[in-house]
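Everything in the sequence shown is counted per the UniProt record's numbering, starting at 1 for the first residue and increasing by one. Ideal placement from N, C-alpha and C gives every residue a C-beta, glycine not left out.
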Amino acid sequence: MSDWGAQHAGVATALAGMDMVMPSGDGFWGDHLVKAVKNGSVPESRVTDMATRILTTWYQFGQDAIFDKPGIGMPLDVRQPHETIEGRDHNDRPVLLDGAIEGHVLVKNTKNTLPLKSPRMLSLFGYSARSADSLSPGPGDLLINLWRFGLTSVSLGDVLSSQLGGQQAKYPNIAVNGTIMGGGGSGAGTPAVFVAPYDAISMRAAQDDTAIFHDFGMPEPAVVPSTDTCIVFGNAWASEGYDRPSLYDNFTDSLVKTVADQCNKTVVVLHNAGPRIVESFVDHPNVTAIIFAHLPGRDSGTSLVKLLYGEAGFSGKLSYTVARKESDYGHLLSPDEPAGKFQKFPQSNFTEGVYLDYKYFEMHNITPRYEFGFGLSYTTFSLANLVIQRVNGGNSGEWAEGAIIPGGQADLFDNIATVTVDVSNTGNMPGAEVPQLYVGIPGGPAKQLRGFEKRFLAPGTTVPVEFPLTRRDLSVWDTTAQKWRLQRGQYDIYVGTSSRDVPLKSSLTIN
Numbered sequence: 001m002s003d004w005g006a007q008h009a010g011v012a013t014a015l016a017g018m019d020m021v022m023p024s025g026d027g028f029w030g031d032h033l034v035k036a037v038k039n040g041s042v043p044e045s046r047v048t049d050m051a052t053r054i055l056t057t058w059y060q061f062g063q064d065a066i067f068d069k070p071g072i073g074m075p076l077d078v079r080q081p082h083e084t085i086e087g088r089d090h091n092d093r094p095v096l097l098d099g100a101i102e103g104h105v106l107v108k109n110t111k112n113t114l115p116l117k118s119p120r121m122l123s124l125f126g127y128s129a130r131s132a133d134s135l136s137p138g139p140g141d142l143l144i145n146l147w148r149f150g151l152t153s154v155s156l157g158d159v160l161s162s163q164l165g166g167q168q169a170k171y172p173n174i175a176v177n178g179t180i181m182g183g184g185g186s187g188a189g190t191p192a193v194f195v196a197p198y199d200a201i202s203m204r205a206a207q208d209d210t211a212i213f214h215d216f217g218m219p220e221p222a223v224v225p226s227t228d229t230c231i232v233f234g235n236a237w238a239s240e241g242y243d244r245p246s247l248y249d250n251f252t253d254s255l256v257k258t259v260a261d262q263c264n265k266t267v268v269v270l271h272n273a274g275p276r277i278v279e280s281f282v283d284h285p286n287v288t289a290i291i292f293a294h295l296p297g298r299d300s301g302t303s304l305v306k307l308l309y310g311e312a313g314f315s316g317k318l319s320y321t322v323a324r325k326e327s328d329y330g331h332l333l334s335p336d337e338p339a340g341k342f343q344k345f346p347q348s349n350f351t352e353g354v355y356l357d358y359k360y361f362e363m364h365n366i367t368p369r370y371e372f373g374f375g376l377s378y379t380t381f382s383l384a385n386l387v388i389q390r391v392n393g394g395n396s397g398e399w400a401e402g403a404i405i406p407g408g409q410a411d412l413f414d415n416i417a418t419v420t421v422d423v424s425n426t427g428n429m430p431g432a433e434v435p436q437l438y439v440g441i442p443g444g445p446a447k448q449l450r451g452f453e454k455r456f457l458a459p460g461t462t463v464p465v466e467f468p469l470t471r472r473d474l475s476v477w478d479t480t481a482q483k484w485r486l487q488r489g490q491y492d493i494y495v496g497t498s499s500r501d502v503p504l505k506s507s508l509t510i511n
C-alpha cells in the first residue's frame, strides 16, 4: 500500500508489487490499469493477486462477520452540531499513566538531586513547562487545525511554512507555545484533559508548602538565590511531514546554561520526539539531572511529579543512541532528496546496510554520550548466572522448511535455545530493570538486540529472566536464495542493561 499521494507511476508500480494506492488510484490506475491489462502491459494475474492480498487481510481479521458500522465522524469544524460519542474508557486511565511514567528516561542524576525531598523552594523555567495557550478547536476553514492534530503547542506559522515549502522547508526544532503531549500527525488528536508539568508541580508544591517561582518567557531569566532546585523544560518536536533540521537548538541550550550558572541543582526535562544532543550543558557542574521525557500524553505533568518525588521509579531505557555530535550519525542526517531525474523517483541505495544506530556506532568505534538501551534508576541492579540451553525438536537445519504463515515459514519461530539470567535489586528502593539480550551473528554486526524483559523487584530480591532464541532471531536473509538462512558457526551471546553495558557473555554453536 502506498503512502498518501506517494504513487508516481502506473504500470511500474503494479509490476513492482503495489496492491493498493491511497487515498485514490485514479491518477495512475483506474481506467489506465484496465487499459494496461488489455494491452498486456500488466498481466491479469497481477490484478487478481492484488485483490487476493487485500481480501485476505479482510477475512483474516474477521471483517466478513458481524462488524460494527463505521461512524459518521466529526465535521471539519467541530463547533458545528454533530453527534457526540463518548469514546473514553475509565479503565484506560491507569494504562495511560503507566505509559507516561515508563516513557521517561533518566540519563543523569548527581548530587542526590532526585528524588526531591519536600523542597522549600523550586524555580521553574522554559516554554515546555506549561500548557498551550489554547486547547480548543479552531475555525474549521483553516488549512491546518492544530487542535485536530494534537499540535496546539506548535506555531501555526511553522506548520504552514513547512507545508508550503515542501521537504526543503526549515522550521524551528522547538514548540514554543507550551509542552508537546504527543506526536501529532494525521492519526493524532488532543486529549480531553491535559495536565502540564507546571500544573502538577504546583499542586504538589501546595501540599508540601513549597514556594514556586517561574519564568517561562525570558531567554535569560534570573534565579532566586535561595532556590533549592531549578527545573528547566525544553522540547524537540517532530511529526508526520515535519523532520527536525538539527538535533539540538541554541535557544534551549542557552537557557539551560543561564539557569545552571545561577543554580547549584538544575534539572533538565526535555520533551523530545527522538535523539536530542545535550553536549553544550551535560557536563556543566550544576546540571545535576537530565530527563528525556519524550511525549507523555495527557498525564505529562502527573507522571513527571510521581517520578520527581520518588512515588514512582525511573525504569525507561533509550530506544536510540544519543551522540556527542550530529556528524556521529553519518548518513542518517543526509537524506536522499528528490532532485534532477529522480524528482519523481527518489533513490536510496542504503549503503549503510543493517548498521544503524548502535550497530553503526560500534562498527565505526564511535563513543556515544548515552547508548541505546541506557537508563538510570533510583536503585541499583546486578546480573549473574548466564545459562544457555539448546532446545530439542526445533528445525536447526540451514534452511526453513515449514508452511507459510503470517510472518514467514512456520519453523522460523521454532525455539533453538533459551538464555537465562538472574536479576537482583542490590539497592535500597524498589525499582524495575530491563535486562537486554544481544546476539553477535557470524558475519554481521557485533551485537543485535534479540530480547528484553522488564522486571519489578523489591530491594534485596532476585528473579530469573528467560529469553527464547528462535530460528528467526539467529537467521540472515540470503539474497540469492531469497530465504532465511541459519548459518553454521559460533554465535556470541551477551546480556546486559544497555548495548554497551553487557557484563555477561557466552556463545552458542550451531553445527
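Item, Value
"Residue range of the unbroken alpha helix (DSSP H) whose run includes glutamate 44", "44 to 60"
"At least three beta-carbon pairs within less than 8 Å, the stretch 325 to 334 to the stretch 373 to 382", "no"
"Best match in Pro23, Leu15 and Gly10 for proximity to tryptophan 4 [C-alpha to C-alpha]", "Pro23"
"Separation of phenylalanine 213 from serine 226, as counted between CA atoms", "11 Å"
"C-beta contact flag for valine 495 and lysine 317 at 8 Å", "no"
"Burial state of methionine 181 (16 or more Cβ within 10 Å)", "buried"
"Any non-hydrogen atom of the ligand COA within 7 Å of isoleucine 366 CB", "For the structure depicted, the ligand COA is absent and the ligand set is empty, with no information on it obtainable."
"Reduced DSSP category for residue 519 - H, G, I as helix; E, B as strand; rest coil", "Given a span of 1 to 511 for the chain in the structure shown, any question on residue 519 remains unanswerable."
"3-residue-minimum beta strand (DSSP E) runs that sit fully inside the stretch 200 to 272, ordered along the chain", "211 to 215, 229 to 236 and 266 to 272"
"Anticipated Cβ contact below 8 Å, histidine 294 with glycine 87, distance rounded", "Histidine 294 to glycine 87, Cβ: 24 Å. No contact."
"Classification of proline 335 by the beta-carbon crowding that lies within 10 angstroms, buried from 16 upward", "exposed"
"Secondary structure of serine 118, DSSP reduced to three states", "coil"
"Delimiting residues of the beta strand (DSSP E) encompassing alanine 432", "431 to 433"
"Limits of the unbroken beta strand (DSSP E) element including glycine 99", "Glycine 99 -> not in any beta strand (DSSP E); alpha helix (DSSP H) instead, spanning 93 to 102."
"CA-to-CA distance, glycine 402 to leucine 469, given in whole angstroms", "18 Å"
"Close-in-space but distant-in-sequence residues of the same chain around proline 43 (CB under 7 Å, 5 per side omitted)", "none"
"Beta-carbon proximity of threonine 229 to leucine 116, cut-off 8 Å", "yes"
"8 Å contact criterion, which valine 423 and phenylalanine 381 should meet: CB distance rounded", "6 Å"
"Neighbour-count burial assignment, aspartate 299, 16 or more Cβ in a 10 Å radius", "buried"
"Distance between proline 275 and leucine 333 (C-alpha atoms, nearest Å)", "12 Å"
"Alpha-carbon to alpha-carbon, phenylalanine 342 and tryptophan 29", "21 Å"
"Assigned secondary structure, valine 282 (DSSP; H/G/I helix, E/B strand, else coil)", "coil"
"Simplified DSSP state of glycine 330, which is helix, strand or coil", "helix"
"Supposed close pair serine 498, glutamate 352 - CB separation, criterion 8 Å", "The Cβ separation is near 22 Å, so there is no contact."
"Best match in Asp31, Gly301, Val195 and Arg369 for proximity to serine 280 [C-alpha to C-alpha]", "Arg369"
"Sheet register partners of asparagine 109 (DSSP bridge)", "Ala289"
"Sufficient close CB pairs (3 or more, under 8 Å) joining the stretch 246 to 262 to the stretch 182 to 199", "no"
"Stretch-stretch touch, CB-based, cutoff 8 Å, three pairs: the stretch 97 to 113 with the stretch 205 to 212", "no"
"Meets three-Cβ-pair contact criterion under 8 Å: the stretch 173 to 180 and the stretch 230 to 239", "yes"
"Beta strand (DSSP E) segment containing leucine 457, residue limits", "455 to 457"
"Under the three-state DSSP convention, the category serine 300 falls into", "helix"
"Endpoints, alpha helix (DSSP H) assigned at valine 439", "That residue, valine 439, is in no alpha helix (DSSP H); its beta strand (DSSP E) goes 436 to 440."
"Test item: CB-CB of phenylalanine 194 and leucine 135 under 8 Å", "yes"
"Beta-carbon gap between glycine 301 and alanine 222 smaller than 8 Å", "no"
"Residue span of the beta strand (DSSP E) that contains valine 419, given as start and end", "415 to 425"
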